[in-house]
Amino acid sequence: MMLNRKYGMKSLSLVLLLLAFATGCKNESITESVVGESASTAYNPTMLDAFYIAFSPGVDETERTFSWHTPETKKEGLVELSLLDEEGNVVSTETFEATVTKTQSGYSTHEATVSGLELNKNYAYRFGDGYRAWSESYTFRTQDPWDGDFNFLFFGDPQIGAGDGTQIDADGWDWTVTAATDLFPATDFLVSAGDQVNIANNLDQYDGYFFPEELTDYPIMTLMGNHDDVLFADYFNPPNETGLGEDGAGSDFYFTYGNTLFIALNTQRNDIEEHREAMELAVAENPEATHRIVLLHKSIYSSGDHALDEDVLAFRDGLVPVFDELDIDVALMGHDHVYVRTYQMKGDAVVEEIAYDEAGAAVDPEGTLYLTGNSASDSKYYDMQDSFVYERYAAVALQLEEPTFMNVEVTDDSLTFTTYKTADQSVVDAYSIVKSVGDE
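Sequence positions in the sequence shown follow the working numbering and run 25 to 464.
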């Protein structure tokens, strides 16, 4: 499309086609000689050009959502989902209808949800126009979050285009996603803290965000960042949108995975009462969830440039009491391009009395833990504030000026947060919470 993709680029296809005509080659051999979706689409009328594929978790572990772009069309399209056996043979196939909306000039965006997924199974999917054209196929595997534990990977702002160049940022993002999924190949899903791109209407930057091939293998939940703007809705299809905290690009939403409730807040809106209502709704709908995790873009306890922003301080004043009331275990955040782990916080104060087990895990701690992820793409870093700004609440505050990612391991009675450097997968920081068996 715009930026060079891992699987080829249209400009390369055109060059090879012209060379083929010059040397008398047949079109058939050209199609076979060019690697990737772009070449196939250019010369095969039954190949659907589907790109910017956003593959995400659904309302629970049995669903996935999709969003994808095509050249402008009025055809709604569909997703074909095939259950595979362990040898990769198709066991059964069903289709799910999509919606279609016109987006930036010359393109359409489609959304669909697939449901009824079995756990610990392999699937293949592809996109169709509802007539005869199909995209290439992709595969993924479902995990079983009820078998004792699961993990997900959390990435700070990719913000493709904020660094030394879109391709450089895309390569950095690809590097981190690959390193993280290589280290945790059975991870259940990924989370991006928002600001997927630097300029919301820049198609090259979105091509860079979708550059890692792993994003079609692992579902990734994306949060809305201030750089994503209203076009966020054209690229991503979150589940259970509440209509609360809405700004035209989306609203607060929630989903469950195994024993854990995830609540995503749209920090582009500062309506605390609407955010409260959305969180109360999510908790009321999922009273049996063992763990409660809030996902939000703007960090309300940070050590970077935005730590004293007016909107950040307003979120701190308004949201912290709600987190306390709803027994939120942890808030995972981005926006400030630094790494921060707070102490256990309650009522904007550090919890002084905490018991630790022999492994150093906090046992039944009061309050909420706040974690801010640094850049996952190496595109941009912020300077640290003077220490007096954050030393009151920050147990760890670092600016490594190199990309990192976080693994979150979830069990029946624990949460463990481990942050790694992309370069060598060395541990930057780790923290665990253990809950006593039988606690509500």
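For glycine and all other residues, C-beta sits at the position ideal for the given N, C-alpha and C.
Here the structure is a predicted model, which is why all the values come from computation and not from measurement.
Can you give me the C-alpha to C-alpha distance between residue i and residue j, rounded to a whole angstrom?
i: LYS370; j: ILE317; result: 15 angstroms
i: ASP73; j: GLU96; result: 11 angstroms
i: LYS445; j: ASP181; result: 15 angstroms
i: TYR405; j: ASP258; result: 27 angstroms
i: ASN294; j: ALA78; result: 27 angstroms
i: ALA419; j: ILE184; result: 29 angstroms
i: TYR233; j: ALA203; result: 16 angstroms
i: GLY397; j: ASN146; result: 31 angstroms
i: GLU142; j: ASP109; result: 12 angstroms
i: ASP333; j: VAL413; result: 12 angstroms
i: THR186; j: ALA273; result: The identity of residue 186 in the sequence shown is Ala, whereas the question assumes Thr. So the alpha carbons of these two residues sit roughly 21 angstroms apart.
i: GLU297; j: ALA373; result: 22 angstroms
i: ARG340; j: ASP219; result: 20 angstroms
i: GLU270; j: THR443; result: 31 angstroms
i: SER460; j: PRO169; result: 20 angstroms
i: ALA383; j: PHE151; result: 48 angstroms
i: GLN229; j: ASP388; result: 43 angstroms
i: VAL458; j: HIS134; result: 42 angstroms
i: LYS126; j: SER275; result: 20 angstroms
i: ILE287; j: SER159; result: 33 angstroms
i: TYR149; j: PRO236; result: 18 angstroms
i: LEU343; j: GLY328; result: 20 angstroms
i: THR123; j: GLU301; result: 29 angstroms
i: LEU319; j: HIS330; result: 18 angstroms
i: GLU425; j: ALA447; result: 12 angstroms
i: ASN310; j: THR266; result: 14 angstroms
i: GLY282; j: LEU350; result: 19 angstroms
i: LYS98; j: ALA338; result: 43 angstroms
i: THR70; j: ALA313; result: 46 angstroms
i: ASP231; j: GLU390; result: 43 angstroms
i: THR366; j: TRP199; result: 28 angstroms
i: VAL138; j: LEU207; result: 28 angstroms
Rounded C-beta distance between residue i and residue j? I'm assuming under 8 angstroms.
i: VAL364; j: SER326; result: 6 angstroms
i: ILE378; j: MET357; result: No, ILE378 and MET357 are not in contact; Cβ-Cβ is about 22 angstroms, not under 8 angstroms.
i: SER450; j: GLY196; result: Wrong, their Cβ atoms sit about 18 angstroms apart, outside the cutoff.
i: ALA136; j: PHE90; result: 5 angstroms
i: ASP193; j: SER403; result: 4 angstroms
i: PHE260; j: ALA217; result: PHE260 to ALA217, Cβ: 13 angstroms. No contact.
i: ASP171; j: GLU433; result: Wrong, their Cβ atoms sit about 14 angstroms apart, outside the cutoff.
i: TYR131; j: HIS93; result: 5 angstroms
i: GLN17; j: MET248; result: The first residue shown for the chain is 25 and the last is 464, placing residue 17 beyond what the model contains.
i: ILE223; j: SER80; result: About 22 angstroms; that fails the 8 angstroms criterion.
i: ASP15; j: GLY101; result: Beyond the ends of the chain as shown, which are 25 and 464, falls residue 15; an answer cannot be given.
So, are the CB atoms of residue i and residue j less than 9 angstroms apart?
i: TYR278; j: PRO263; result: yes
i: SER456; j: PRO427; result: no
i: VAL215; j: THR246; result: yes
i: GLU87; j: LEU105; result: no
i: ASN431; j: THR211; result: yes
i: TYR5; j: TYR417; result: Outside the shown range of the chain, which is 25 to 464, sits residue 5, and nothing can be said about it.
i: THR240; j: PHE164; result: yes
i: VAL307; j: LYS322; result: no
i: VAL346; j: HIS299; result: yes
i: ALA355; j: GLN368; result: no
i: ASP453; j: THR392; result: no
i: THR6; j: VAL83; result: A query on residue 6 cannot be resolved here, the shown segment of the chain reaching from 25 to 464 and no further.
i: MET408; j: ILE352; result: no
i: ASN225; j: LEU255; result: yes
i: HIS361; j: ASN250; result: no
i: LEU177; j: PHE441; result: no
According to DSSP, simplified to helix, strand and coil, what is residue i?
i: ALA66; result: Because the pLDDT at ALA66 is just 48, under 50, the model does not fix this residue reliably, and the value given afterwards should be weighed accordingly. DSSP places ALA66 in helix when its eight states are reduced to three.
i: ALA373; result: strand
i: HIS361; result: coil
i: ARG293; result: coil
i: VAL346; result: helix
i: ASP453; result: strand
i: LEU239; result: helix
i: TYR380; result: strand
i: GLU426; result: coil
i: ARG416; result: coil
i: VAL307; result: helix
i: HIS299; result: helix
i: VAL336; result: helix
i: SER411; result: helix
i: TYR444; result: strand
Checklist entry - Mind pulling the beta strand (DSSP E) runs of 3 or more residues that sit fully within the segment 127-207? => result If only uninterrupted beta strand (DSSP E) runs of at least 3 residues are considered, those enclosed by the segment 127-207 are 131-138, 146-152, 162-165 and 173-179.
Checklist entry - Can you give, in chain order, each stretch of the beta strand (DSSP E) that sits fully within the segment 216-288 and has at least 3 residues? => result If we require 3 residues or more, the beta strand (DSSP E) runs fully inside the segment 216-288 come out as 244-246 and 277-281.
Next on the checklist: Which complete alpha helix (DSSP H) runs does the segment 79-126 hold, if anything under 4 residues is left out?
Outcome noted: none
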